[in-house]
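Per the UniProt record's numbering, the sequence shown runs over residues 1 to 236. Every residue, glycine too, gets a C-beta built ideally from N, C-alpha and C. A quick write-up on the structure given underneath.
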Amino acid sequence: ADAYVNVLVKANVKRKFSVHELFGFDVILDEQCKPWIVEVNISPSLHSNSPLDVSVKGSMIADLLNLSGFQIPDRRDVLADSGVKRKARLPKSLIFDKRILPQSLSNDEKLKHQYFTQRYNDEQIRKNILDMFTPDDIRLLTETEDEYARRGSFERIYPTHQTRKYLKYFETPRYYNLLLNEWVTKYYRLEERGISLLNNFCKKSIHIQNPAEDASHLWTQFQKWQASNSNRDMDY
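And the structure:
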């Protein structure tokens, strides 16, 4: 379903933040208390007709909304279309910052995506995906860590440090799947170190650059540096 969902999202959704889905699993237990999935509902009932429903579904819905991380559009953008002029009253921290979502990848970022998706079967090359970070990498990883911090009682099942083996089952290798799998594998026991690294990048505003202004976050410059070091090592 991965390829099918991606095609529909790209065709019908302007922002990936608009896409969320809640599934309801009907499960029964046999005489040995082994769980069996009966069916999966794409629109599970959220009605709460009893105290038990309220206690279970209420906290789940709260976690779901926090996990989704809905961001409010800037009122100036909304009112601009209607011709009405009003001052925004919401705190800036609640208003969507368009700078963190450039409409498209820079040419440099596209080259990095292409390089790793074409070599995704090479485990050693996959690990090198974290050797340097483009602004797009930093945005995605920061978003992922923020989402994980908002998870509440939800448990993330993909990606984890144990899901790299499932990459071969995807119809098409996707750069972000490769990036996230390597990130989670490297930092799942070093979470604070990973978050500190991203914080340092964000303090320098690397994540809102498109294209990167700092040469150390340009994939093409990194490749040249690697090639130069490789040639130097071969000199006698």
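Taken atom to atom, the span from the alpha-carbon of VAL184 to that of ASN121 is near 18 Å. Taking the Cα positions, VAL9 is about 20 Å away from GLU147. Burial state of LYS112 is buried, judged by a 10 Å Cβ sphere holding 16 or more other Cβ atoms.
Judged by beta-carbon spacing, ASN41 lies beyond the 7 Å limit of GLY58, meaning their Cβ atoms are not closer than that value.
In chain order, ASP108 and LEU111 place their CB closer than 8 Å to the CB of THR220, counting only its own chain and leaving out the 5 sequence neighbours on each side. Rounded to whole angstroms, the separation of the alpha carbons of LEU180 and PHE96 is 24 Å.
Distances from the alpha-carbon of ILE72 to those of SER18, ASP63, SER196 and LEU141 put SER18 closest. By the criterion of a C-beta distance shorter than 7 Å, LEU64 is surrounded in its chain by LEU22, once the five residues flanking it on both sides are discounted. Taking one beta carbon from each stretch, the segment 203 to 223 and the segment 125 to 137 have 3 or more pairs nearer than 8 Å; the two touch. The DSSP-derived three-state label of VAL27 is strand. Secondary structure at ASN41: strand, using DSSP grouped into helix, strand and coil.
Setting aside the 5 residues that flank it on each side, SER153 is surrounded in the same chain by ASP63, each with a C-beta closer than 6 Å to its C-beta; the list follows chain order. Where LEU141 is concerned, the enclosing alpha helix (DSSP H) starts and stops at 135 to 149.
When the five nearest sequence neighbours on each side are left out, the beta carbons in the same chain lying within less than 8 Å of the beta carbon of GLY69 are those of PHE17, ASP146, GLU147 and ARG150, in order along the chain. In the DSSP assignment, VAL5 falls within the alpha helix (DSSP H) that extends over 2 to 12.
The beta carbon of ALA3 lies closer than 7 Å to those of GLU171 and THR172 in the same chain, with the five residues before and after it left out.
Per DSSP, ASP122 lies in no alpha helix (DSSP H) and is assigned neither H nor E. Separation of ASP26 and ARG99 (C-alpha to C-alpha, rounded to the nearest whole angstrom) is 42 Å.
For the pair ARG126 and LEU190, the CB atoms are not nearer than the 7 Å cut-off.
Non-local C-beta neighbours of ARG15 in its own chain, meaning closer than 8 Å and more than five positions away in sequence, comprise LEU101, ordered along the chain. TYR175 places its beta carbon less than 7 Å from that of PHE116.
Here PRO159 carries a coil assignment [DSSP, helix/strand/coil].
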